[in-house]
Amino acid sequence: MNLFADIRALVIDCLTELTEAGVLPSGLAFDNIAVEPPRDASHGDMATNAAMVLAKPAGMKPRDIAQALADKLSGDARVATVEVAGPGFLNLSLDATVWAGMVKAALSNADFGKSTLGAGKKINVEYVSANPTGPLHVGHTRGAIFGDALASLLDYAGFDVTREYYINDGGGQVDVLARSVYLRYLEAHGQEVTFEDGTYPGDYLIDAGEALKAKVGDAYVGKDEDVWLADVRSFSTDAMMDLVRTDLASLGIKMDNFFSEKSLYGTGRIEEAINDLKSKDLIYWGSLKPPKGKLPDDWVAREQWLFKSTDFGDDEDRAVQKGDGTWTYFAPDIAYHFDKVSRGFDGLVDVFGADHTGYVKRMKAAVAALSNNTVTLDIKLAQIVRLFKNGEEFKMSKRAGTFITVQDLVDEVGKDVARFIMLMRKNDTPFDFDFDKVTEQSKDNPVFYVQYANARVHSVLRKAHEAGVDTSDLASADMTLAAHPAELTLAGKVAEWPRVVDVAARSNEPHRVALYLYDLASEVHALWNRGNDDTSLRFLQEDNVPASQAKIALIRSASVVISHGLGILGVTPAEEMR
RNA sequence: GCACCCGUAGCUCAGCUGGAUAGAGUACCUGACUACGAAUCAGGGGGUCAGAGGUUCGAAUCCUCUCGGGUGCACCA
8 MNLFADIRAL VIDCLTELTE AGVLPSGLAF DNIAVEPPRD ASHGDMATNA AMVLAKPAGM
68 KPRDIAQALA DKLSGDARVA TVEVAGPGFL NLSLDATVWA GMVKAALSNA DFGKSTLGAG
128 KKINVEYVSA NPTGPLHVGH TRGAIFGDAL ASLLDYAGFD VTREYYINDG GGQVDVLARS
188 VYLRYLEAHG QEVTFEDGTY PGDYLIDAGE ALKAKVGDAY VGKDEDVWLA DVRSFSTDAM
248 MDLVRTDLAS LGIKMDNFFS EKSLYGTGRI EEAINDLKSK DLIYWGSLKP PKGKLPDDWV
308 AREQWLFKST DFGDDEDRAV QKGDGTWTYF APDIAYHFDK VSRGFDGLVD VFGADHTGYV
368 KRMKAAVAAL SNNTVTLDIK LAQIVRLFKN GEEFKMSKRA GTFITVQDLV DEVGKDVARF
428 IMLMRKNDTP FDFDFDKVTE QSKDNPVFYV QYANARVHSV LRKAHEAGVD TSDLASADMT
488 LAAHPAELTL AGKVAEWPRV VDVAARSNEP HRVALYLYDL ASEVHALWNR GNDDTSLRFL
548 QEDNVPASQA KIALIRSASV VISHGLGILG VTPAEEMR
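Residue numbers (my numbering): 8 to 585.
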């Protein structure tokens, strides 16, 4: 169904025939041959670099190869014309029936664009994984939205995807959370409290304090920490995870699995993972060199258990156990990824915040070691989003209480806008998010641009219905009645969809889908406006039902693709904009 | 000091993993609503792709170095 892949296969077939005929020397590698949409429309529908790639290894002039290939290619029914251009490009234009076939495929096949790339392979996408110490704030949204769209994309590309959230409930900060909730609990009992020792003063814990009171009454009032800490900790993390789940839901995110870090402790699972590495001779007792540059004041040389991550491309070996004998944070991370590997995933994706850049190498090293290089781990970094309000950068601070929550964001701009804007950009480029512009709900919103294109198509469908034009079987329309160059341009854009899915999924880059949808919408709008000047390009042709059906089939195929694409991005494909 | 990410139009960002004359949006200028929805379209100006070398038929893209910005750098999660 991917036209570009089909034509590439055709090119390879022709080259193989040329090799068999002795025109080309045998043993040439065809891997680097590409068939792509040309940048310039005057260069036809597709271009291939085959002749230039093969010229050197074949010891021939590129244009000679190009000519021989051109002669072969022109024998195929799908190929209308072939031109040798520039240094040896082959520019192909395809027969109009090819485009008609793609339009019909989009209309009649609900799986148009779905790929077999994944072949049912199991992929685990871990994202968000924010500490369960409060509601999600805007800093989390980019990774959350990115990870979710990536998961959908991979699913669309034929992978068996699991969406997963790693709950960091094993470390010291959940103790801080528990103490903070305890203070709110005392407050609920009428006591004056002050938030010291780094405890969280945010209002969002008031409810948790009240809830704790409702649950245990005054049982913990005036008691020592060892009496209540464990219980309050689990009570608090549960409460925070409820908030997180609500926040995720408001962004349209539903996880398949929540994995608790705490579940790794005291169950032998960390030991199991570390022993696996030990058995591979990758854990040793030693000491690390002091960090270069400015030395921390309290640095002391120390012997500890180290993971030989330098064997897998890391810069330093990494400690798995602290000086006091307890595990470092890295140890449960290893165990967690060991668990993922054990669950039989063929590939893992971790979506990290930009502040975790430093852990990429060691995590990859760990997965490579644990899986004997059989499982790939791709780590995508969600870069910083700088917020602008009233023309000035808006700095968030938990302490000053000036942080914008996911809930604030969704209330202001809505889920669809938040998602689309974030997904327009590549995940690893920092970008500026102007709150005011997006809040205007007007021009500066690419989301509306895409949705509007879809709405316009549905408007035509409604008009067609009023005019008595049967649109129930558009796939059978006679597409020769919609073969104006401007119309074929749109058909060509629709035909690119499967390729976009393929490329985006291969590189784990859902933003390509968003950008493509914008382009596709642009073509829809352009063709629409052409109808203002040239009535023969209007979708509803008076007293000509077959022509109307063909033209409607064309734009309907575009809207079908828009729906699929927005579905992947988690954005609602509105049918009306009123 | 080391590692990773980044540097493309005034601004915000793409650039299909090495392809042809580097593109959108925004802003500025000009034009198109008696109209299938103008939240739209058509056109114009705007660039040393941070800089310098290198690899080759061909570089914004790959390699090296320099400059500039971000993030992270024993024991914290």
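Heads up, the beta-carbon is just placed ideally off N, CA and C, and yes, glycines get one too.
Spatial neighbours of Met-584 in its own chain (CB-CB distance under 8 Å, excluding positions within 5 residues in sequence) are listed in chain order as Phe-455, Gln-458, Tyr-459, Ala-462. By DSSP's assignment, Tyr-173 forms a beta bridge with Phe-266. Met-67 and Met-53 have their C-alpha atoms roughly 23 Å apart. Around the C-beta of Asn-434, 16 or more other C-beta atoms lie within 10 Å, and the residue is accordingly described as buried. For Trp-535, the three-state secondary structure derived from DSSP is helix.
By the Cβ rule, the region 133 to 151 counts as touching the region 246 to 257, because three or more pairs are nearer than 8 Å. In this structure Tyr-207 is buried. Its beta-carbon is surrounded by 16 or more other beta-carbon atoms within 10 angstroms.
Gly-360: member of the beta strand (DSSP E) spanning 354 to 360, first to last residue. Here DSSP, grouped into helix, strand and coil, assigns Tyr-291 to strand.
Asn-461 sits in a helix when the DSSP states are folded into three classes. The beta-carbon distance between Leu-430 and Ile-260, rounded to whole angstroms, is 13 Å. This is too long to meet the 8 Å contact definition. For the options Gly-354, Ala-375, Ile-569, the alpha carbon positioned closest to that of Ala-502 is the one of Ile-569. Here the alpha carbons of Ser-564 and His-571 stand approximately 11 Å from one another. Residue nearest to Asp-318 within the set Asp-182, Leu-289, Ala-48 is Leu-289 (criterion: CA-CA distance).
In this structure, the straight-line span from the alpha carbon of Asn-515 to that of Glu-323 is close to 28 Å.
Three or more beta-carbon pairs drawn from the region 328 to 346 and the region 375 to 386 are found closer than 8 Å, and the two stretches are therefore classed as touching.
Non-local C-beta neighbours of Thr-412 in its own chain, meaning closer than 6 Å and more than five positions away in sequence, comprise Pro-142, His-144, ordered along the chain.
Scanning the region 228 to 254 from its first residue to its last, no whole beta strand (DSSP E) run of 3-plus residues comes out.
Counting C-beta atoms within 10 angstroms of its own C-beta, Lys-396 has fewer than 16 neighbours from the protein chains shown and is therefore classed as exposed. Note on the region 60 to 111: whole beta strand (DSSP E) runs with a minimum of 3 residues are 86 to 92, 96 to 101, in chain order.
Each residue's CA atom was taken as its position, placing Pro-94 and Leu-576 some 40 Å apart. The Cβ atoms of Lys-121 and Asp-167 do not sit closer than 8 Å to each other. Asp-509 is positioned such that its CB atom lies closer than 8 Å to that of Leu-124.
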